[in-house]
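Below you'll find the structure, written out as C-alpha cells, and then a few comments.
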Amino acid sequence: MTGVKRPDRLLAAFEQVVAKVPDATLVVAGQGDLLEEIRSDAQRLGESVRFLGWRPDVASLYAASDVVVISSDNEGMPVTLIEAAMAGVPGVTTDVGSASEVVEDQVTGLVVSTDPEAIAEALIDLLSDPGRRLDMGCAAELRARQRFSSERLVADHAALYRRLADS
73 MTGVKRPDRL
83 LAAFEQVVAK
93 VPDATLVVAG
103 QGDLLEEIRS
113 DAQRLGESVR
123 FLGWRPDVAS
133 LYAASDVVVI
143 SSDNEGMPVT
153 LIEAAMAGVP
163 GVTTDVGSAS
173 EVVEDQVTGL
183 VVSTDPEAIA
193 EALIDLLSDP
203 GRRLDMGCAA
213 ELRARQRFSS
223 ERLVADHAAL
233 YRRLADS
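The working numbering numbers the first residue of the sequence shown as 73 and each following residue consecutively.
Here you go:
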C-alpha cells in the first residue's frame, strides 16, 4: 500500500459500494508504508474490509474474488490484473499505464476514470450483475491466456531472436 496505488481512493469508492451492496467485502492483500493509515481509515467500514497482509497464495485469493480492482494513479504492466484474468476474474481499473492492454473495457472488465464515484459505479454494476461478471471473467481468462501466458511469452521471444539472427 503506497501512495501511487491510491488505497485511499479505493476506500472512498468502496464506502459507496457498501451503501448499495451491503454484503460486499473488500479484501486487501499486501503491505506498504500506508497500511496502518489505511487500516485505521477502513475502520469506519467495519467488517466489510479485511486486511490479509502479504500472501503467497494470491492465485487462490483471485479465484475466490468476484472482481479485482486497481485504483492507482500509475501502473506499468499490471500483473495483478493479469493474474486475476488468468483466474477468470474481471477487473475494474483506472485508465493508467498498460491497464487497458489487460482489461478491454466492457469486454473483460471496466476501465474507469480515477474518480472514486466512477470506480464505485463500476464495482456496483459488476457486483449487481453476476451473469455479466461471469461473461467478463470468461473473456478475461481467454484474453489473458492468449496474450500473457508463458507459452505466448516464449513464442514471442523466440520470434524476436529469429528476427535478430536473420538481420
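Glycine residues also receive a C-beta, built at the ideal position from the N, C-alpha and C atoms.
Could you spell out where the alpha helix (DSSP H) holding residue i opens and where it closes?
{"i": "residue 199", "result": "188-199"}
{"i": "residue 90", "result": "79-92"}
{"i": "residue 75", "result": "Taken as a continuous stretch (DSSP letters only), residue 75 belongs to no alpha helix (DSSP H), as it is neither H nor E."}
{"i": "residue 226", "result": "222-238"}
{"i": "residue 173", "result": "171-174"}
For the beta strand (DSSP E) that residue i lies in, which residues bound it at each end?
{"i": "residue 159", "result": "No beta strand (DSSP E) holds residue 159; DSSP gives it neither H nor E."}
{"i": "residue 106", "result": "Note, residue 106: premise wrong, no beta strand (DSSP E); not H, not E."}
{"i": "residue 101", "result": "98-101"}
{"i": "residue 183", "result": "181-184"}
Using only the heavy atoms of the ligand ATP, determine whether one of them is closer than 6 Å to the beta carbon of residue i.
{"i": "residue 108", "result": "Here there are no bound small molecules, and the ligand ATP is not part of this structure."}
Report all residues from its chain with a CB closer than 7 Å to the CB of residue i; omit the five preceding and five following residues, and keep chain order.
{"i": "residue 102", "result": "73, 126"}
{"i": "residue 93", "result": "196, 199, 200"}
Leaving out the 5 sequence neighbours to the left and right, which residues in its chain are closer than 8 Å to residue i when beta-carbon positions are compared?
{"i": "residue 122", "result": "97, 98, 99, 100"}
{"i": "residue 170", "result": "147, 148, 149, 150"}
Once you ignore the five residues that flank residue i on each side, which residues in its own chain have a CB closer than 6 Å to its CB?
{"i": "residue 81", "result": "143, 188"}
{"i": "residue 192", "result": "85, 88, 89"}
{"i": "residue 208", "result": "162, 180, 181"}
{"i": "residue 107", "result": "73"}
{"i": "residue 120", "result": "90, 97"}
{"i": "residue 177", "result": "183"}
{"i": "residue 159", "result": "134, 135"}
Residue i: buried (16+ other C-beta within 10 angstroms of its C-beta) or exposed?
{"i": "residue 134", "result": "buried"}
{"i": "residue 149", "result": "exposed"}
{"i": "residue 230", "result": "exposed"}
{"i": "residue 114", "result": "buried"}
{"i": "residue 140", "result": "buried"}
{"i": "residue 204", "result": "exposed"}
{"i": "residue 156", "result": "buried"}
{"i": "residue 217", "result": "exposed"}
{"i": "residue 164", "result": "buried"}
{"i": "residue 78", "result": "buried"}
{"i": "residue 124", "result": "exposed"}
{"i": "residue 136", "result": "exposed"}
{"i": "residue 153", "result": "buried"}
{"i": "residue 224", "result": "exposed"}
Within the region 118-154, ranges of the beta strand (DSSP E) (whole runs, at least 3 residues): 121-125, 140-142
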